[in-house]
Amino acid sequence: MEALLHPEYPLDPFIPSGAQPVYWVGPRHLAGDDGRPFDAVADTLADLGWTSLTIVRGRRELDEAPEDRQVLRSTVLFISPDTLRWAQWVLADEPFYLGDLPIAWQVSARPDASTPLAQWSAYFTPDVPGETLADFLIALDARDQPVIPLGGTELVLDAVTAHGWIRDIDHPHAGATDPTFNSHLSLGEVPPLIQDADPRALTVAADEVGRPGWQAWAEPTLGAPCLWSASFSASAPHDLVSAFASSLSSTAPVLRRVLPESTRERLLRAPAS
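Residue numbering for the sequence shown follows this note's numbering, starting at 251 and increasing by one per position.
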């Protein structure tokens with residue numbers, strides 16, 4: 251059944267002939283990235299004035315035409331005007347995996363320009379809603395000091411419970427889930443290869459649990475592959491994770507032309523024209 255989620259949202263006035271239909275869709279955390287994991291984020295960063303650098307690695311023979319060049323890997327790096335924060339599109343550059351999903355974006359920040367090392371990093375796979383990642387980056391851009399912690403873990407949990415999410419029964423101060431138990435937010439063990447400059451994160455033995463970091467994921471079907479996942483290193487400021495969590499759990503619908511196969515039947519849809 252299709253129902254208008256928020257009548258106050260204006261309808262899309264015009265869809266060109268032959269174009270895919272556009273829908274207002276909810277819930278946001280199951281709506282995917284509209285098949286635009288790069289564009290939606292890149293447009294936000296461009297609007298914020300971040301500089302983009304493209305690195306293309308490939309192989310070309312001396313007598314080879316430009317169109318025949320074999321591009322092996324490519325990376326797009328966006329850097330903030332103060333150079334203290336950056337976002338890297340890594341999906342095309344031999345990405346590592348978060349669970350069973352490849353990393354699409356890595357976002358990092360450092361305390362000052364004297365060090366090349368990131369104080370914290372966050373990782374996002376495809377199908378993280380573009381609006382959510384954009385809101386996280388806008389919050390990061392607005393920070394004068396992108397690595398100084400502001401607030402505690404309750405900021406993150408309060409952000410989602412304000413939108414109807416439920417605290418984890420066993421760990422009420424470290425986790426929450428949406429009312430349908432499809433998407434989850436948890437403060438716990440950080441997956442391997444998540445970069446953080448805290449020495450305690452670098453010296454953890456193989457049989458030890460390091461500093462906890464925030465993890466988020468959508469698992470529409472128990473035991474099946476996740477729709478998306480996100481990971482924040484231990485030093486990621488809670489207020490920035492809260493901005494991500496608030497947007498993720500928002501009840502405001504989002505525009506979509508492309509719906510994820512795994513959640514298509516779980517989404518409420520209202521035609522945008």
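We treat Cβ as the ideally placed atom computed from N, Cα and C, and that holds for glycine.
| Item | Value |
| --- | --- |
| Residues near A426 by beta carbon distance below 7 angstroms, same chain, minus five either side | L407, V410, T411, W415, I416, R417, D418, L435 |
| The segment 280-298 touching the segment 489-500, judged by at least three CB pairs closer than 8 angstroms | no |
| Inter-residue Cα distance where the pair is T501 and P470 | 18 angstroms |
| Helix, strand or coil at H413 according to DSSP, with G and I counted as helix | coil |
| Sequence-distant residues of its chain with Cβ nearer than 8 angstroms to L505 (five each side left out) | D262, V272, Y273, W274, V275, D284, A522 |
| Residue environment, D313, which counts as buried when at least 16 other CB atoms sit within 10 Å | exposed |
| In DSSP terms, what S433 is bridged to | A468 |
| Contact set for P257: own chain, Cβ-Cβ below 7 angstroms, skip 5 residues either direction | For P257, the pLDDT reaches just 35, beneath the cut-off of 50, and the residue's location in the model is therefore unreliable, leaving the point undetermined. |
| Collapsed DSSP secondary structure at S512 in the structure displayed | coil |
| Classification of V306 by the beta-carbon crowding that lies within 10 angstroms, buried from 16 upward | exposed |
| Assumed close pair L280, T513 - CB separation to whole angstroms, cut-off 8 angstroms | 4 angstroms |
| Terminal residues of the beta strand (DSSP E) in which G380 lies | That residue, G380, is in no beta strand (DSSP E); its alpha helix (DSSP H) goes 380-392. |
| L348 in three-state terms, based on DSSP | strand |
| Contacting residues, own chain, Cβ-Cβ under 6 angstroms from E511 (five flanking each side not counted) | none |
| 7 angstroms CB neighbourhood of A389 in its chain, flanking five on each side removed | L490, A493 |
| Terminal residues of the beta strand (DSSP E) in which A520 lies | 518-521 |
| For R393 and T333, the rounded distance between their alpha carbons | 13 angstroms |
| Helix, strand or coil at D293 according to DSSP, with G and I counted as helix | helix |
| Three-state secondary structure (DSSP) of V504 | strand |
| Where the beta strand (DSSP E) through F288 begins and ends | Taken as a continuous stretch (DSSP letters only), F288 belongs to no beta strand (DSSP E), as it is neither H nor E. |
| Three-state secondary structure assigned by DSSP to L191 | The structure shown does not extend to residue 191, since the chain is modelled only from 251 to 523, so the question has no answer here. |
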